[in-house]
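This note's numbering puts the first residue of the sequence shown at 84, with every later residue one more than the last.
Positions of the beta carbon are idealized from the N, C-alpha and C atoms, including for glycine.
Predicted model, so just to flag it, every value in this text is computed and none were measured.
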Amino acid sequence: MIDILSSLYLWIKSIHILAVISWMAGLLYLPRIFVYHIERAKKGDSLDATFQVMERKLFKFIMQPAMILTWFCGLLMVLIPGIIDWSMVWVWVKFVSILGMTWFHKWCADHCELFKTGNFLRTGRYYRMMNEVPTVLVIAIVVSVIVKY
Numbered sequence: 084m085i086d087i088l089s090s091l092y093l094w095i096k097s098i099h100i101l102a103v104i105s106w107m108a109g110l111l112y113l114p115r116i117f118v119y120h121i122e123r124a125k126k127g128d129s130l131d132a133t134f135q136v137m138e139r140k141l142f143k144f145i146m147q148p149a150m151i152l153t154w155f156c157g158l159l160m161v162l163i164p165g166i167i168d169w170s171m172v173w174v175w176v177k178f179v180s181i182l183g184m185t186w187f188h189k190w191c192a193d194h195c196e197l198f199k200t201g202n203f204l205r206t207g208r209y210y211r212m213m214n215e216v217p218t219v220l221v222i223a224i225v226v227s228v229i230v231k232y
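Printed below as a string of structure tokens:
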């Protein structure tokens, strides 16, 4: 099994990177949709329904599969001997940041549900600020992986 994974390493890594890009696109765009939803739509109007469709489809058809594929390929790479040196700090920075991204993904899902039920609890400013969370996390991930301190 390890031999197969080792021989497929560059393919797994390529798929992982493509999945991360797709996941990040969703994590950055969905909170922006939330901003417009909260600021422009009224509960039950046609714009509210339009935003809900956009949010649901982005989450269900892009973000969710991309997150699963990101985790799957990442875990496959962890299984390949020599890829990860667990004694280095960058591995743990990346791991904690990935957990943060996964938490943010869940936060997005929860807020899709809030909009679906008509519970407009937050302001556009709140969603604008939350939109920075995945940016900070991806900076930590990219720097840690490239610099490998």
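If you compare the alpha carbons of Val172, Leu162, Tyr119 and Ile224 with that of arginine 208, the shortest gap goes to Tyr119.
Pairing arginine 115 with asparagine 214, the inter-Cα distance amounts to about 7 Å.
Aspartate 193 and glutamate 138 have their alpha carbons spaced roughly 11 Å apart.
Across the structure, tyrosine 210 and phenylalanine 117 are spaced so that their CA atoms are roughly 7 Å apart. Within the model, the alpha-carbon separation for valine 228 versus glycine 127 is close to 45 Å.
One Cα belongs to valine 226, the other to methionine 184, and the distance between them is close to 15 Å.
By alpha-carbon distance to glycine 109, the top candidate from Trp94, Tyr232, Gly165 and Val221 is Val221. Between methionine 171 and lysine 125, the C-beta gap is not smaller than 8 Å, which leaves the two residues out of contact.
For tryptophan 94, the enclosing alpha helix (DSSP H) has its first and last residue at 92 to 123.
About 6 Å separates the CB atoms of isoleucine 145 and serine 105; that is less than 8 Å, so the two are in contact. Contact check for isoleucine 98 against cysteine 156 passes: the beta carbons are separated by less than 8 Å. Nearest Cα to isoleucine 95 within the set Met212, Val179 and Leu162: Leu162. Its chain contains Met107, Leu110, Leu111, Met184 and Phe187 as the residues whose beta carbon lies nearer than 7 Å to that of proline 217, once the 5 sequence neighbours on both sides are disregarded; these appear in chain order.
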